[in-house]
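**Q** What follows is a single structure, and I will ask about it in a moment.
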Amino acid sequence: MVNIIKVFIVEDDLDIAHLYQKLLVISGFDVVGIAENGETAIKMYQSFSKKPDIIVMDHRMPIKNGIDTTVEILKIEKTQKVIFASADRSVKKEVFSIGAVDFLEKPFSLDTLAQCIKRTLDSKTVEDEQISEEYPQETN
Amino acid sequence: MPKLSDKFKELGIKEFQLLDSISELVSVQDKDLKILWANKAAADSIGSTPKDLIGMHCYEIWEQSDKPSKNCPVLKAIKTGIPCQNEMSTPDGRFWLISGHPIKNDNGEIIGAVEITIEITKLKETEKNLKESEEKFRELFNNMSSGFVIYDAIDDGDDFIIKDMNKTSLAMSEMKKRQILDKKVTEIFPAVKKIGLFSVFQKVWKTGTPEYVKPTYYDDKRLSAWVENYVFKLPSGEIVASYNDVTKRKEAEEIRIESEKKFKALFKGIPTPSYTWQKVNDDFILVDYSDAAARITQGDVQRFLGMKASEMYKERPDIIEDLNRCFEEKTYISKEMSYYFEVFKDYRHLLVQYAFIPPDLVLAHTIDLTEKKRAEQELKESEEKYRYLFDRSPYSITIVDVEGNIVDCNSATEHFLSAHSKNDLIGKNFKDIFSWNEENKLLIPIFEKRIQSLLNDKVLEPFDFPLIQSIGDKMWVHGEGSLIKIENEKFMQFIISDITEQKRAEKELKESEERYRHLFERSPYSISIVDLEGTIIDCNSATDYFLSAHNRNDLIGHNFKEIFSWNEDDKNLIPMLEKKIEDLLKGVAVEPFDFPLTQTTGNIIWVQAQGSLMEIENKKFIQFIISNITEKKKAEQKLKESEEKYRIAYNLANLYRDLFAHDMNNVLQNILSSTDLLSMYKNYPVYMDKVMETLTILRKQVKRGANLISNVQKLSQLEEIQYEVEQIEILSILQESVDFLEKSSQGRELQIKIDSTLETCIINGNELLRDVFDNILNNAVKYNDNTIVNILIKISKTKKNDLDFIKFEFIDNGIGIEDEQKKVIFQRVGRQDKSLRGMGLGLSLVKKIIDNYNGEIWVENKVPDDYSKGSNFVILLPEVG
């Protein structure tokens, strides 16, 4: 039985969150939840009986930003894979320093996101730096 | 015996011829004195012949009178019948002894007379001379200072009678002459025998040999005195006792003896060695010496006492010669000699003074000049040294007497006074020397005045003057004068040095100083020189302006603390300035520093001061140069403000760029994700209904992007230009915003209520107000998790700081804002504001617009202490009255 990859989306722009959700679901991922801000995200994460395989994390959010949220989540589960998906490229370095596995700068294609998730889970290594910062190529 | 007449006859001689041969004048006259006969001598006496005289009256001839003189002895003889004699004088000044002898006839009657006249003119003169001489001698006798008494011996020398005595003698006897004359000596001078004088009288009377009687003390109770007698015998047989009262002399002698003793003591005590030599035969014997002599010879001299000079000075005949010469010539001899002292086994240089002391002594007085000689030698060497210095000195040194005559000068003076040699100057008066040159003549009154001042006040201030050289060059010299004494005589010493170069340098310095003074004075900068205590020593006129002084006298001499206390605002500068001065003195580098100065007008000027340490004549001062930098400060301030503006603008630009980029990327993310989704949907017809939904998202995101661009543009404009404001009615704008929100928020249920106590409200604003309301209302919807979004808009009037405001409250039931966030949501701090939500630009734009209207905006909790129940955005806008 193939394990379906569980994705947790943390994104204050609900339009974007829902688009992610739709795209990921169509692509075969399981979206276990959407959180609109950091605090909600932490609460939800704590409530998950089974932790998601991947968290797609925005940075600029009300109440608690992505970095602070990630730090707390990693405190709860240090092996948690977090991929940042942010329009704020200035935090890219910091993101890696706190333990996130990848950084996707908005705007990026669904393909890019999907590959990034797969790659992260395949390599199982944080150091895998095969991150595409390019705009996604349309796949025919 | 034969008769005489017969004899005459025998000899042939007529009786009257006989009378012609005698020198006496003989004439025979009748009773009328008519001449009957005259001898040749009588005729010769008038240069006539005897014949011519006959018949003339005698008085006609000799007295040249027409009648006889009363005293005529011839007349008397005729009258009296007895011979008469008388002396008479004739008008020619001759004297005659005339005898008249009566001639009687046989009857005894007088018939005439014989006149015999002898010229006694010479006799008379002799007599007169004798008389005069006698008077002279008597006067002498009477006035002799010695007493003279003439005695006659009586009773064959048994006693002596006083015959005469002179005035001195009378005075000494204290008796009157009549009491004494013809009295016996033993009566008048009863003690005469006792003292042995009487026997001397007898001896002299007998022998005729004069005798001296030594002073003897005579005392007869009435008289007492020391007398000294000299007794001699006169040719006439009387004896004369000449005596002197020598009491005083005796007393003097006693005094002299006393004095001698004293002098002997004094002699002994003469501080310099002295030796007394007595002439004995052909030699001298040392008879005495002073105590000093004993001292210097350490007593050795004693063994020479009584020794002959010839023995003692075998090797020194010069000393014997000196002793002899002093004695022989009774003179005083002074000479220097070298003398070997056995005691010292050394030679000493002595000044020996020989003095003759009557009757037979020579005093040799010695002064040891050895030390003096040495000192003299040293003095001489020193004098030579000074003379050398004097001669070689580059300064002119001149010694001038009080009349202004040059007594001495050194060779440098020749150069100064254009003389060939010193000899041209010495002995000349300075006036003559200055007269060599017309221009130098002008110095004469100056010098006269200086000399006078030097003589009067004994001091002379140094003075400078120009001297014209013989070649016409002008030389500046510096003169110093002082009063000096040389052997108790006053002189003036002038030292003159060439200061031409110094003067030139001084002149240059002065010119330079004037130039700098000019610069100093004209400088727009305040330049002040301050001593270490902070007192202003000098400053230029610019300083007056800076320190609000009327003129620099208000500043010079005053301490800066005092000056900075004139104004309360400036007082606080004092500690800062003190610190600067302290640092300067420590050598700490003091950078130029700025501070504000309050002018008397109340204006504040900004100045920049620069301090530096300087030295004037080895004294430390601080120089402050203060410049007015008010304009610069203003420019700086403007620049700073401008910089600040641009910094803010830059930050804003960054912020906007960042926010814009972020939000726009989100928009693009939406679009990209939507297109991705659409691409997927196209392969799955089952999802066709979702396509429309996705396209709606696309449209929405495009609109969002457009809004974003619009906001950024507005914000940029707000920063760049002040938006014009006008009176606008605000409620209608609010209503428009509410209406728009309701239309655009599809899918959300909104309950928006406007609660206003006002019908209309006018504020100063513009179309941007719409953006304010849009943003706030959008946020209230956007950050709200409730199915029904509740927004209450309350509008009221309020007062703040006495100003009227219109208060807008937007109360929502959204997610609320934490207190920490409340502080920062309006701040435009860019990336620090990491948790701001996507909309980002919105609230900073709102804040900016409200600020622009002089209004205020803040956020509160809807329910106090619980932010999660929602927020209340409060806006105050000034009401237009």
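Going line by line, the protein sequences match chains A and B.
Residue 26 in the numbering used here is what sits at position 26 of the first sequence, and the numbering runs on without skipping anything.
When you read off a place in the second sequence, starting at 1, and then add 140, the result is the number in the numbering used here.
Yeah, the Cβ is synthetic: ideal placement off N, Cα and C, and Gly gets one too.
Since the structure is predicted, the reported quantities are computational estimates derived from the model, not experimental observations.
(1) Listed from N- to C-terminal order along the chain, which residues in the segment 63 to 86 of chain A have their beta-carbon within a distance smaller than 9 Å of any beta-carbon of chain B?
(2) Beta-carbon of D88 of chain A versus every beta-carbon of chain B: anything under 7 Å?
(3) Quick check: is the beta carbon of I16 of chain A nearer than 7 Å to any beta carbon in chain B?
(4) Just the Cα atoms here: how many angstroms apart are F800 of chain B and P736 of chain B?
(5) State yes or no: is the beta carbon of I837 of chain B nearer than 7 Å to at least one beta carbon in chain A?
(6) Using only the alpha-carbon positions, how far apart do A112 of chain B and Q442 of chain B sit?
(7) In chain A, what lies closer than 7 Å to Y923 of chain B by C-beta?
(8) What are the residues that DSSP puts in a beta bridge with E1019 of chain B?
(9) How close, in whole Å, do the beta carbons of G982 of chain B and N919 of chain B come, if the pair is a contact with beta carbons under 8 Å?
(10) Can you tell me whether DSSP reads T412 of chain B as helix, strand or coil?
(11) Can you tell which of B:L491, B:D422, B:K485 and B:E274 has the C-alpha that lies nearest to the C-alpha of E511 of chain B?
(12) Does Q875 of chain B come out as helix, strand or coil in the three-state DSSP assignment?
(13) Does the segment 382 to 398 of chain B come close enough to the segment 411 to 427 of chain B that 3 or more CB-CB pairs lie under 8 Å?
(14) Distance cutoff 7 Å, beta carbons only. Does D952 of chain B sit that close to anything in chain A?
(15) How should T900 of chain B be labelled, buried or exposed, when 16 other C-beta atoms within 10 angstroms of its C-beta is the threshold for buried?
(16) Under a three-way DSSP split, which group does S109 of chain A fall into?
(17) For the segment 554 to 594 of chain B, which segments carrying the alpha helix (DSSP H) assignment without a break, of at least 4 residues, lie completely within its bounds, in sequence order?
(18) Taking the alpha-carbon of V921 of chain B as reference, which of B:E784, B:E882, B:P208 and B:Q609 has the nearest alpha-carbon?
(19) Smallest Cα separation from I507 of chain B: which of B:N464, B:I591, B:I410 and B:V842?
(20) Excluding the five sequence neighbours on either side, which residues of its own chain have a C-beta within less than 6 Å of the C-beta of S551 of chain B, listed in chain order?
(21) In terms of residue numbering, what span does the beta strand (DSSP E) encompassing V340 of chain B cover?
(22) Please report the distance separating the alpha-carbon of N712 of chain B from that of W706 of chain B.
(23) Which residues in the same chain as F605 of chain B place their Cβ atom closer than 7 Å to its Cβ, once the five residues preceding and following it in sequence are excluded?
(24) From I55 of chain A to Q21 of chain A, what does the alpha carbon distance come to, in whole angstroms?
(25) Please decide whether L808 of chain B counts as near chain A, where near means a Cβ-Cβ distance under 7 Å.
(26) Please tell me whether L19 of chain A has its Cβ less than 7 Å away from any Cβ of chain B.
(27) For the segment 957 to 968 of chain B, enumerate the residues whose C-beta is nearer than 9 Å to any C-beta of chain A, in chain order.
(28) Can you pull the chain A neighbours of A801 of chain B, defined as C-beta to C-beta under 8 Å?
(29) Whole angstroms are fine: how far does the CA of D613 of chain B sit from the CA of H560 of chain B?
(30) Return yes when the Cβ of I175 of chain B is within less than 7 Å of the Cβ of I194 of chain B, no when it is not.
(31) Taking its Cβ as the centre, do 16 or more other Cβ atoms sit within 10 Å of L687 of chain B, making it buried, or is it exposed?
(32) Check each candidate in B:D911, B:I903 and B:G954 and name the one with the smallest Cα separation from V986 of chain B.
(33) Run the CB neighbour count on P498 of chain B, radius 10 Å, all protein chains shown included, and call it buried at 16 or more, exposed below.
(34) Is K974 of chain B helix, strand or coil when you go by DSSP?
(35) Listing by chain order, which chain D residues have their CB less than 8 Å from the CB of M832 of chain B?
(36) Can you check the segment 210 to 286 of chain B for any beta strand (DSSP E) of at least 3 residues that lies completely inside it and give the ranges in chain order?
**A** Inspection of the coordinates gives the following:
(1) I63, K64, N65, G66, I67, D68, A85 and S86
(2) yes
(3) yes
(4) 45 Å
(5) yes
(6) In the structure as shown, chain B starts at 141 and stops at 1021, and residue 112 of chain B therefore has no counterpart that could be examined.
(7) P62
(8) B:I903
(9) 7 Å
(10) coil
(11) B:L491
(12) helix
(13) no
(14) no
(15) exposed
(16) coil
(17) 570 to 574 and 578 to 581
(18) B:E882
(19) B:I410
(20) D531
(21) Not the beta strand (DSSP E): V340 of chain B falls in the alpha helix (DSSP H), residues L337 to T347.
(22) 11 Å
(23) L583, I586, V617 and G619
(24) 12 Å
(25) yes
(26) yes
(27) I957, E958 and Q961
(28) A87
(29) 16 Å
(30) yes
(31) buried
(32) B:D911
(33) exposed
(34) In this prediction, K974 of chain B has a pLDDT of 39, which is less than 50 and means its spatial position is unreliable; what the coordinates show is noted afterwards. Of the three classes helix, strand and coil, the one that applies to K974 of chain B here is coil, per DSSP.
(35) In summary, chain D is missing from the structure at hand, where the protein chains are A and B.
(36) 224 to 229, 235 to 244 and 250 to 259
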